[in-house]
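There are 2 protein chains.
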Amino acid sequence: MTEPTVTALARAARAASRALALSDGTTRDAFLQRLADELDARRVAILAANAEDVARARAGGMGKALLDRLTLTPARLAGIAADVRQVATLPDPLGERFDARQLDLIALEKRRVPLGVIGVIYEARPNVTVDCAALCIKSGNAAVLRGSADTLASNRALLAAVHAALTAVGLPTEAVGLIDSPDRAEVEAMLGLNELIDLIIPRGGAALHQRCRQQSRIPVITGGIGICHLYAAASVDLDRALPLIDNAKTQRPSVCNALDTVLADRRIAAGLLPALVERLAAKGVSFRANPAALAIVGSHPAVQPAGPEDFDTEWLGLTLGLKIVDGVEDAIAHIQQHSTGHSDGILSADAAEAAAFLHAIDSAAVYVNASTRFTDGSQFGLGAEIAVSTQRIHARGPMALEALTSYKWVVRGDYAVRP
Amino acid sequence: MTEPTVTALARAARAASRALALSDGTTRDAFLQRLADELDARRVAILAANAEDVARARAGGMGKALLDRLTLTPARLAGIAADVRQVATLPDPLGERFDARQLDLIALEKRRVPLGVIGVIYEARPNVTVDCAALCIKSGNAAVLRGSADTLASNRALLAAVHAALTAVGLPTEAVGLIDSPDRAEVEAMLGLNELIDLIIPRGGAALHQRCRQQSRIPVITGGIGICHLYAAASVDLDRALPLIDNAKTQRPSVCNALDTVLADRRIAAGLLPALVERLAAKGVSFRANPAALAIVGSHPAVQPAGPEDFDTEWLGLTLGLKIVDGVEDAIAHIQQHSTGHSDGILSADAAEAAAFLHAIDSAAVYVNASTRFTDGSQFGLGAEIAVSTQRIHARGPMALEALTSYKWVVRGDYAVRP
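Those sequence lines, one after another, are chains A and B.
Numbering that gives the first Met the number 0 numbers the first residue of the first sequence as 0 and each following residue consecutively.
Numbering that gives the first Met the number 0 numbers the first residue of the second sequence as 0 and each following residue consecutively.
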């Protein structure tokens with residue numbers, strides 16, 4: 000049996016990761032600048048390759064939303080290059096020394112180091128190829144990338160730019176490998192390479208995350224699934240709640256931090272829900288309401304009774320659940336039962352009530368008086384993100400450069416022996 | 000098919016973990032004090048149960064070293080209780096707020112929270128049952144414990160003390176569950192419960208770690224395997240190096256941070272090795288030397304030529320590899336090839352050389368002029384440890400209370416909407 004391609008790629012990436020770990024930040028930033036330049040210079044070739052992918056996908060019957068994700072335009076490619084230049088401006092996450100302490104016999108500190116080799120498995124989004132290469136190299140990691148078969152021509156063209164930039168700055172091209180085969184067995188093989196790959200980041204839907212979790216011998220960052228709640232408490236500012244809920248629901252309904260359910264306190268439900276339904280229905284939102292909410296807004300044509308699964312559904316579109324609850328404890332109980340632990344919030348003027356909510360709700364991001372749409376590396380001021388983790392090991396919430404690092408303990412003594 | 004015991008235990012632990020996450024530090028410390036008292040009060044019953052285990056194990060032909068690990072004595076039990084009281088004095092790892100930042104529209108901070116449910120799989124060491132219960136509850140986590148069948152009577156007696164202490168302070172007894180069946184299928188079932196258990200910590204030999212890594216759908220902390228090196232550089236202080244190497248090798252040879260290989264710089268080898276062999280051979284150490292080292296100390300009866308596997312062996316006993324190297328680069332190359340990434344060090348008076356070594360060697364703990372035996376939660380001033388991680392995700396090196404936590408992002412705005 001021939002060795003799977005991914006094993007050779009991962010072994011080469013492991014070797015390259017040693018050089019990367021020892022490289023300085025200036026070289027890694029020079030790579031990023033050069034990569035952005037290469038993307039600009041290779042615009043025609045990259046767009047032509049992408050047009051091949053798009054034509055093939057369209058002929059194969061790919062749906063409109065996926066086709067849109069697959070498509071590169073001159074503006075989108077320029078945006079990708081701009082993002083790479085922005086990553087170059089971020090502080091070097093490596094080498095930082097922290098948690099220093101002087102003990103009787105030894106001096107201790109932690110020093111930030113790369114994770115090593117990161118495996119990324121994603122779908123028909125060519126921008127992910129560049130994003131991941133940029134974030135991994137910036138943080139001193141090698142990467143093994145597995146895009147979708149639908150994106151192969153685009154990814155090869157983008158990888159050529161990555162390799163040209165690596166070569167230009169004297170870093171090994173093996174630092175970024177692309178699994179260049181549509182064979183699904185390559186993914187299975189990849190998930191078993193725990194000696195060569197340190198972390199698997201799936202970027203895609205629930206099925207991909209589930210498959211990685213089931214099959215992988217390598218730690219997996221799962222996330223990106225958000226059933227998100229906002230609880231409008233009795234003291235909510237009704238006028239300001241409307242644009243906030245609107246933002247959380249409609250600014251970009253297809254993403255994981257978009258709002259799925261509004262929990263309205265019974266005391267303000269009659270003040271909030273009719274105006275909310277009016278405002279959001281005008282933007283095309285339809286509603287699934289529990290019986291009590293239905294009693295208030297059930298006559299509106301956009302509102303229908305909530306079915307048994309509705310409060311456990313991530314809508315990823317213009318649907319919103321409405322439920323009336325009896326106070327903060329009831330809201331907390333609903334969220335604890337139905338949340339995926341991504342982003343949940345309270346709208347309240349009562350500091351004690353907000354504190355109780357923050358204490359009880361254990362989601363990656365917990366909000367007071369802000370839209371759930373802020374859960375994002377860039378909105379959190381982290382500069383960039385490679386994933387949003389909803390698991391609890393290693394990193395939680397938006398994962399930026401620091402989440403792609405580990406640390407080593409540095410111990411100094413004066414010929415110290417353990418007593 | 001009946002549900003495996005572990006599934007019911009883990010589901011109950013998951014429910015209990017919610018109560019623990021909301022409990023205050025005073026209650027958790029009261030649990031620890033009470034647990035220590037219960038261990039004292041139940042001394043006769045616990046020792047009797049342990050004597051049953053020991054008699055059964057001895058009749059079954061258990062080896063001397065394992066029998067020793069299995070055996071509790073009044074002094075050891077008192078030591079376990081003292082350790083529990085010491086954990087009670089450590090700061091509460093929960094609730095800490097960190098990484099606070101004010102952005103234009105939102106204020107951000109991270110708040111430390113428990114991981115949730117920790118699964119621990121260990122061998123015939125009853126002290127681990129108490130250690131893990133203490134560290135997990137202190138950090139607000141529930142625990143599902145799987146000891147060895149050989150320890151079942153001891154573990155049941157210890158668990159009774161844990162449950163009595165939980166009840167006494169009003170915490171749910173389901174917070175600490177013990178898989179009370181010798182059936183190996185329970186372990187397999189446990190490793191598949193990724194919805195109920197957040198982290199698996201194996202405490203045992205390489206085979207156990209390997210099996211967990213292979214079968215688990217839950218993140219696994221692997222570690223505890225140490226092929227540890229000390230490089231004696233040209234500028235080493237020979238007089239002070241001898242007691243240091245002695246300490247690293249002989250203070251407790253059976254553990255993972257004990258020294259396995261000395262790399263002697265060619266320039267000082269003739270000054271170091273004869274005295275080292277003399278000193279350590281008197282303590283029963285035997286040596287495996289590469290040809291160049293053999294040329295210096297080969298006539299000593301305790302020295303034999305190193306075989307092909309010897310520099311890749313964790314000795315866990317009174318054997319020491321000796322190799323002569325040509326300077327720091329050669330030492331680094333040897334360590335990069337043979338180390339398990341646990342604890343490696345340099346003995347040198349040359350700051351630049353030491354800095355190069357610290358930069359290049361990427362082990363969980365990297366040493367300058369200190370014994371590798373310091374790699375330990377207590378020696379690092381962390382108070383206690385649940386494992387020593389040699390993997391790179393989540394935590395590396397000695398894992399103390401903070402390594403049993405995650406965090407949530409707390410976001411506050413004034414009805415902030417994402418632009």
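Beta carbons: idealized from backbone N, C-alpha and C, even for Gly.
Which residues of the segment 375-409 of chain A have a Cβ closer than 7 Å to any Cβ of chain B? Give them in chain order. GLN378, PHE379, GLY380, ARG391, ILE392, HIS393, ARG395, GLY396, SER405, TYR406, LYS407, TRP408 and VAL409
Can you tell me which residues form a DSSP beta bridge with LEU258(A)? Within the first sequence, the letter at position 259 stands for residue 258(A). Note: LEU258(A) sits in a beta bridge opposite CYS227(A).
Inter-residue Cα distance where the pair is GLY94(B) and ALA142(A): The count along the second sequence starts at 1 and reaches residue 94(B) at position 95. The count along the first sequence starts at 1 and reaches residue 142(A) at position 143. If you take the alpha carbons of GLY94(B) and ALA142(A), they lie about 35 Å apart.
Exposed or buried, what is THR166(B) when buried is set at 16 or more other beta-carbons lying within 10 Å of its beta-carbon? The sequence position of residue 166(B) within the second sequence is 167, counting from 1. By the 10 Å Cβ count, THR166(B) comes out exposed.
VAL296(B) and ALA305(B) - do their beta-carbons sit closer together than 8 Å? By one-based count along the second sequence, residue 305(B) stands at place 306. By one-based count along the second sequence, residue 296(B) stands at place 297. No, the pair does not count as a contact, with Cβ atoms beyond the cut-off.
Distance, Cα to Cα, ALA240(A) vs CYS255(A)? By 1-based counting over the first sequence, the position of residue 240(A) is 241. By 1-based counting over the first sequence, the position of residue 255(A) is 256. Near 21 Å, if we compare the C-alpha coordinates of CYS255(A) and ALA240(A).
Rank PRO307(A), LEU71(A) and GLY396(A) by C-alpha distance to the C-alpha of VAL53(A) and give the top, closest one. Here residue 53(A) refers to the residue found at position 54 of the first sequence. That would be LEU71(A), whose Cα lies nearest to the Cα of VAL53(A).
Just to make sure I have the definition right: I need the residues of chain A whose C-beta is within less than 8 Å of the C-beta of GLN213(B). Which are they? To locate residue 213(B), count along the second sequence from 1; it is residue 214. In chain order: ARG216.
Limits of the alpha helix (DSSP H) - the one that VAL129(B) falls within: One-based indexing of the second sequence puts residue 129(B) at position 130. Element bounds for VAL129(B): 125-137.
In whole angstroms, what is the alpha-carbon distance linking ILE345(B) and LEU357(B)? Position 346 of the second sequence, counted from the start, is the residue given in the question as residue 345(B). Position 358 of the second sequence, counted from the start, is the residue given in the question as residue 357(B). Going by the C-alpha atoms only, they are around 9 Å apart.
Please report the distance separating the alpha-carbon of TYR406(B) from that of ALA87(A). Here residue 406(B) is taken as the residue at index 407 of the second sequence, counted from 1. Here residue 87(A) is taken as the residue at index 88 of the first sequence, counted from 1. Cα-Cα distance, rounded: 28 Å.
Could you pull the DSSP bridge partners for MET189(B) from this structure? Counted from its first residue, the second sequence places residue 189(B) at position 190. BP columns for MET189(B) are empty, so no partner.
Three or more C-beta pairs below 8 Å linking the segment 56-72 of chain B and the segment 167-177 of chain B: no
Sorted by chain position, which residues of the same chain lie with C-beta nearer than 6 Å to MET0(A)'s C-beta, five sequence neighbours on each side aside? In the first sequence, residue 0(A) corresponds to position 1, counting from 1. In this predicted model, MET0(A) has a pLDDT of only 44, less than 50, meaning its place in the structure is not dependable; the value taken from the coordinates is given anyway. Nothing listed; no residue qualifies.
Alpha-carbon spacing of LEU319(B) relative to PRO252(B), whole angstroms: As a position in the second sequence, residue 319(B) is number 320, starting the count at 1. As a position in the second sequence, residue 252(B) is number 253, starting the count at 1. Cα to Cα, LEU319(B) sits roughly 10 Å from PRO252(B).
Of all the options TYR414(B), VAL186(B) and THR374(B), which has the alpha carbon lying nearest to the alpha carbon of ALA9(B)? Reading the second sequence from its first residue, position 10 is the one you call residue 9(B). Ranking TYR414(B), VAL186(B) and THR374(B) by Cα distance to ALA9(B) puts VAL186(B) first.
DSSP state of THR318(A), grouped into three classes? Taking the first sequence and counting its residues from 1, one reaches residue 318(A) at position 319. THR318(A): strand per DSSP, three-state reduction.
Any C-beta of chain A under 8 Å from that of PRO242(B): Looking up residue 242(B) in the second sequence gives position 243. Under the Cβ distance rule, PRO242(B) counts among the residues neighbouring chain A, one pair being separated by less than 8 Å.
Return yes when the Cβ of ASP259(B) is within less than 8 Å of the Cβ of CYS227(B), no when it is not. Counting from 1 along the second sequence, the entry for residue 227(B) is found at position 228. Counting from 1 along the second sequence, the entry for residue 259(B) is found at position 260. With contacts defined as CB atoms closer than 8 Å, CYS227(B) and ASP259(B) qualify as a contacting pair.
Determine the direct distance from the alpha carbon of ALA330(A) to that of SER285(A), and round the result to whole angstroms. As a position in the first sequence, residue 285(A) is number 286, starting the count at 1. As a position in the first sequence, residue 330(A) is number 331, starting the count at 1. Cα-Cα distance, rounded: 22 Å.
Just checking: is the beta-carbon of ASP413(A) within a distance shorter than 8 Å of some beta-carbon in chain B? Walking along the first sequence from the start, residue 413(A) turns up at place 414. Yes, its Cβ sits closer than 8 Å to a Cβ of chain B.
Just to make sure I have the definition right: I need the residues of chain A whose C-beta is within less than 8 Å of the C-beta of ARG114(B). Which are they? Numbered from 1 along the second sequence, position 115 holds the residue referred to as residue 114(B). The residue you asked about is not Arg; residue 114(B) is Leu in the sequence shown. Those within 8 Å of LEU114(B) in chain A are ARG391 and ILE392.
Please tell me whether ALA123(B) and ALA44(B) are closer than 8 Å, where the distance is taken between their beta carbons. What you label residue 123(B) is simply residue 124 of the second sequence in a count that begins at 1. What you label residue 44(B) is simply residue 45 of the second sequence in a count that begins at 1. Their beta carbons are not under 8 Å apart, which means ALA123(B) does not touch ALA44(B) by this criterion.
Does the CB of PHE373(B) have a neighbour CB from chain A at under 8 Å? Residue mapping note: residue 373(B) aligns to position 374 of the second sequence, counting from 1. So, interface residue.
Could you name each continuous alpha helix (DSSP H) segment of 4 residues or more that falls completely within the segment 58-131 of chain B, going from the start of the chain to the end? 63-69 and 73-88
Of all the CB atoms in chain A, is at least one closer than 8 Å to the CB of ASN246(B)? Here residue 246(B) corresponds to residue number 247 of the second sequence, with the count starting at 1. Yes, ASN246(B) lies at the interface with chain A (some Cβ there is under 8 Å from its Cβ).
Just tell me which of GLY146(A), ASP36(A), ILE117(A) and SER153(A) has its CA closest to the CA of PRO181(A). Within the first sequence, residue 181(A) is the residue found at index 182, counting from 1. The candidate whose alpha carbon is nearest that of PRO181(A) is GLY146(A).
Within 8 Å, strictly: CB atoms of GLY224(A) and VAL116(A): Residue numbering aside, residue 224(A) sits at position 225 when the first sequence is read from its first letter. Residue numbering aside, residue 116(A) sits at position 117 when the first sequence is read from its first letter. Reading the sequence as shown, one finds Ile at residue 224(A) and not Gly. The answer is no: Cβ separation not under 8 Å.
Using a Cβ-Cβ cut-off of less than 9 Å, list which residues of the segment 349-366 of chain A approach chain B; keep chain order. Under the 9 Å Cβ criterion, the segment 349-366 of chain A contributes ALA353, LEU357, HIS358, ALA359, ILE360, ASP361, SER362, ALA363, ALA364, VAL365 and TYR366.
Coil, strand or helix - ILE392(A) by DSSP: Along the first sequence, read from residue 1 onward, the residue named residue 392(A) stands at position 393. ILE392(A) falls in the coil class under three-state DSSP.
To the nearest angstrom, how far is it from the Cα of VAL387(A) to the Cα of LYS282(B)? Position 388 of the first sequence, counted from the first residue, corresponds to residue 387(A). Position 283 of the second sequence, counted from the first residue, corresponds to residue 282(B). Approximately 55 Å, taken between the alpha carbons.
Helix, strand or coil for PRO3(A), going by three-state DSSP, please let me know. Along the first sequence, one-based indexing puts residue 3(A) at 4. It is coil, neither helix nor strand.
According to DSSP, residues forming a beta bridge with THR371(A): Locating residue 371(A) in the first sequence gives position 372, counting from the first residue. THR371(A) pairs with nothing; no bridge assigned.
Beta-carbon proximity check, ALA268(B) vs ILE334(B), cutoff 8 Å: The residue labelled residue 268(B) in the question sits at position 269 within the second sequence. The residue labelled residue 334(B) in the question sits at position 335 within the second sequence. No.
With a threshold of 7 Å, establish whether the CB of CYS135(A) neighbours any heavy atom of the ligand SAH. The ligand SAH is not part of this structure, which contains no ligands at all.
Does LEU272(A) come out as helix, strand or coil in the three-state DSSP assignment? Translated into the one-based positions of the first sequence, residue 272(A) becomes position 273. In the structure shown, LEU272(A) sits in a helix (DSSP, three-state: H, G or I).
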